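Student: Okay, so the sequence shown: first residue is 565 according to our numbering, each after it adds one.
The beta-carbon is built from N, C-alpha and C at its ideal position, and this holds for glycine as well.
Quick caveat: nothing in here was measured; it's all calculated off a predicted structure.
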Amino acid sequence: MEVLAEVERSGFVESRHLGVVAVADADGRLLATAGDPELVVYPRSAAKPFQALAVRGLGVEAELGLGQVALAGACGSHNGEPDHVASVRKVLEAAGLDETSLRCPPVLPTDRAARERADGPAAVYHNCSGKHAYMLAGSVVRGWAPERYTEPDHPLQAVVGDTLADFTGSPIEHVGVDGCGVPVHAVPLRGLATAYARLGARAAAGEEGPAALVEAVRHHPFMLSGTGQLDTLLVEATGGRILAKVGAEATYGAVNLATATGLALKVVDGAPRARAAALLAALRALDWLDDAEWDAVIDAATLPIHGGGHTVGIVRPAKLELSAPE
565 MEVLAEVERS GFVESRHLGV VAVADADGRL LATAGDPELV VYPRSAAKPF
615 QALAVRGLGV EAELGLGQVA LAGACGSHNG EPDHVASVRK VLEAAGLDET
665 SLRCPPVLPT DRAARERADG PAAVYHNCSG KHAYMLAGSV VRGWAPERYT
715 EPDHPLQAVV GDTLADFTGS PIEHVGVDGC GVPVHAVPLR GLATAYARLG
765 ARAAAGEEGP AALVEAVRHH PFMLSGTGQL DTLLVEATGG RILAKVGAEA
815 TYGAVNLATA TGLALKVVDG APRARAAALL AALRALDWLD DAEWDAVIDA
865 ATLPIHGGGH TVGIVRPAKL ELSAPE
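1. Hey, how far is the Cα of G644 from the Cα of D683?
2. In this structure, does DSSP put S734 in helix, strand or coil?
3. For P881, count neighbouring C-beta atoms within 10 Å of its own C-beta (all shown protein chains included) and say buried if the count is 16 or more, exposed if not.
4. Within a Cβ cutoff of 7 Å, which residues of the same chain sit near G621, ignoring the five residues on either side of it in sequence?
5. I need the straight-line Cα distance from G834 to A840, nearest angstrom please.
6. Taking E625 as the reference, give the member of K809, G877, R706 and T796 with the closest Cα.
7. Measuring alpha carbon to alpha carbon, tell me which residue in D854, R848 and A888 is nearest L568.
8. Which full runs of the beta strand (DSSP E) of 3+ residues lie inside the stretch 713 to 787, going along the chain?
9. I'd like the span of the beta strand (DSSP E) that includes Y816, first residue to last.
10. Am I right that L666 and V688 are in contact with their C-beta atoms under 8 Å? What's the rounded C-beta distance?
11. What did DSSP end up calling H581 once you bin it into helix, strand or coil?
12. Could you tell me whether the Cβ atoms of N691 and S641 are closer together than 7 Å?
13. Would you kindly work out how many angstroms separate the C-alpha atoms of Q615 and A697, rounded to a whole number?
14. How long is the line joining the alpha carbons of A598 and D589, rounded to whole angstroms?
15. To the nearest angstrom, how far is the alpha carbon of R593 from that of E779?
16. Going by DSSP, name the residue or residues bridged to F576.
17. Give the secondary structure of L853 by DSSP, where H, G and I count as helix, E and B as strand, and everything else as coil.
18. Assuming the contact rule is C-beta atoms closer than 8 Å, A610 and G817 should be a hit. Round their C-beta distance to whole Å, please.
19. Excluding the 5 residues preceding and the 5 following L628 in the sequence, name in chain order all residues of the same chain whose CB lies nearer than 7 Å to its CB.
20. Quick one: residues in its chain with C-beta nearer than 8 Å to the C-beta of V739, no 5 flanking neighbours on either side, listed in chain order?
21. Check whether the stretch 754 to 763 touches the stretch 728 to 742, taking contact to mean three or more Cβ pairs, one atom from each stretch, closer than 8 Å.
22. I believe V587 touches L850 by the beta-carbon criterion, under 8 Å. Please report the beta-carbon distance rounded to the nearest angstrom.
23. Note the first and the last residue of the continuous alpha helix (DSSP H) segment covering H696.
24. Quick one: what's S887 bridged to in DSSP?
25. Give me whichever residues DSSP pairs with I878 in a beta bridge.
26. Are the beta-carbon atoms of K830 and L720 separated by less than 7 Å?
27. By Cβ distance, which residues of its chain are closer than 6 Å to H804, with the 5 residues on each side in sequence left out?
28. Which residue's Cα is closest to the Cα of R676: A768, Y606, M699 and P646?
29. Leaving out five residues on either side along the sequence, give the residues of the same chain with a beta carbon under 6 Å from the beta carbon of L867.
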């Protein structure tokens, strides 16, 4: 393991977050590593692009007219801002359903302004509600008991598992329950990096599903996370060259679409404060961002450290050196 993020207080590095990084091409060849790339992880929400591709393949666009906004929203972990909520409701309406069909837990919006306007917790505000609505739509199109869409033995979840195995090129090591209630599949970190590389390579080759997903996120990066959030800012700052997706417990997946190179990382202590800084440490080590792009996103990847009611430090990317595989 290597240090991916540092916590500085009053000019002294107080804490360090260790993690693992894997960089791979679409054939699954490792290009660079930090730590053990065979570490098995739950991708958590970093799996959302592949979950969305699985559902899109069921015919939700053709049957229900769901387009780019819905697809980008299915990939996202959103802030619960008005445009996010409106998209979820449109997907549910197209499927002939309403918010009571969502099985993600009721929460308040992450975005402060949206939270202040909310009447109370609701499932539609959950950061995974775009994915859940899309899964419901897929279940409706196929006639697959939408009321059971989160259950591991549901046909839709079988398609999701098969899709993730195809993109990762790895067997599913374990199946658990994600924070939002749908199944989550454990895969090697190397496999997650391969999945993102294959997303880029297949999109570049014109494969219909991956190409549509990449274009949806490029045209609607706000749906990926929201105001001030790193995943949205990375797409905007790089002109859609870098697509990254955060996952809970400090996982990340990303693809450089210019080279079809995939990256996956895990901060081993799962600390949310370290995940964005860890991603930028890896992106800097790979030289994936130029100076202007770095400047556009660094504030979203660093957190203030307080003392006595004042800012006295920062959570920041570590200086990471990746190793070539042996």
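Tutor: The relevant details are as follows:
1. 13 Å
2. coil
3. buried
4. G773
5. 12 Å
6. R706
7. R848
8. 738 to 741 and 747 to 752
9. T815 to N820
10. 7 Å
11. strand
12. yes
13. 12 Å
14. 16 Å
15. 26 Å
16. R573
17. coil
18. 4 Å
19. A658, A659, A701 and V705
20. P716, G725, P747, V748, H749 and A750
21. yes
22. 7 Å
23. S693 to R706
24. T597
25. E572 and P868
26. no
27. Note on residue identity: the sequence assigns Gly, not His, to residue 804. Excluding sequence neighbours, G804 sits near R782.
28. P646
29. R837 and V879
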